[in-house]
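Taking it in order: structure first as structure tokens, then the write-up.
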Amino acid sequence: MIKSNSQLYGAQEKNQAYQALSLQIIGLQVILTITGAVVAYFVDNLQSGISVLWGGFCALMNVCLLIWRMRTGDGQDVDANRQLRLMYRSVLERFFVVMGLLAFGMLRLKLAPLAILLGFIAGQMVLILVPLIRGIAK
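Residue numbers for the sequence shown follow this note's numbering, so the first one is 993 and each next one is one higher.
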């Protein structure tokens, strides 16, 4: 099937908007993680700062996996059953990667569990904040 110029332009415009949103999410997540780690360092100690940084890293990996899966699945002509299987696979991949990274930080690196979870939660809040910020800006 040959796509017309308007279809190609629309797909290209959609891809650019999606890429800008992805960069906003990742950028804000990095800024929030580093800020949280610096605050934890000054409020408590170095281990708390590193723990918050690790939690933010886990959240960043989660978002990067999500963005990667959304990009690889975009534009594919597949049936609903296959789409559902891909969604479940993505959810399981993200779950096990995040749980593995969190467990590694807590058990192997001996980082502060509460600080890791706070960093992770702060990083995940970006997924809520970016759409809100974009909605207010419009």
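All C-beta atoms in this analysis are idealised placements derived from N, C-alpha and C, irrespective of residue type, glycine included.
When the Cα atoms are used, what is the spatial distance from residue i to residue j?
i               : j               : result
lysine 1102     : leucine 1110    : 16 Å
valine 1090     : isoleucine 1108 : 12 Å
glycine 1097    : glutamine 1011  : 30 Å
leucine 1024    : alanine 1114    : 7 Å
isoleucine 1017 : valine 1122     : 6 Å
leucine 1106    : glutamine 1008  : 38 Å
aspartate 1036  : glycine 1019    : 26 Å
lysine 1006     : arginine 1063   : 12 Å
glycine 1048    : methionine 1117 : 10 Å
serine 1082     : glycine 1127    : 27 Å
leucine 1015    : tyrosine 1080   : 25 Å
methionine 993  : leucine 1099    : Its pLDDT being 47, under 50, methionine 993 is placed unreliably in this model, and the value from its coordinates should be taken loosely. Taking the straight line from one Cα to the other gives about 53 Å.
leucine 1076    : leucine 1058    : 15 Å
cysteine 1050   : glutamine 1021  : 11 Å
Can you tell me whether residue i is helix, strand or coil according to DSSP?
i               : result
asparagine 1139 : A question about residue 1139 goes unanswered here, because the residues of the chain that appear run from 993 up to 1130.
leucine 1015    : helix
alanine 1104    : coil
glutamine 1004  : helix
Which stretch, first to last residue, makes up the alpha helix (DSSP H) that contains residue i?
i             : result
arginine 1081 : 1072-1095
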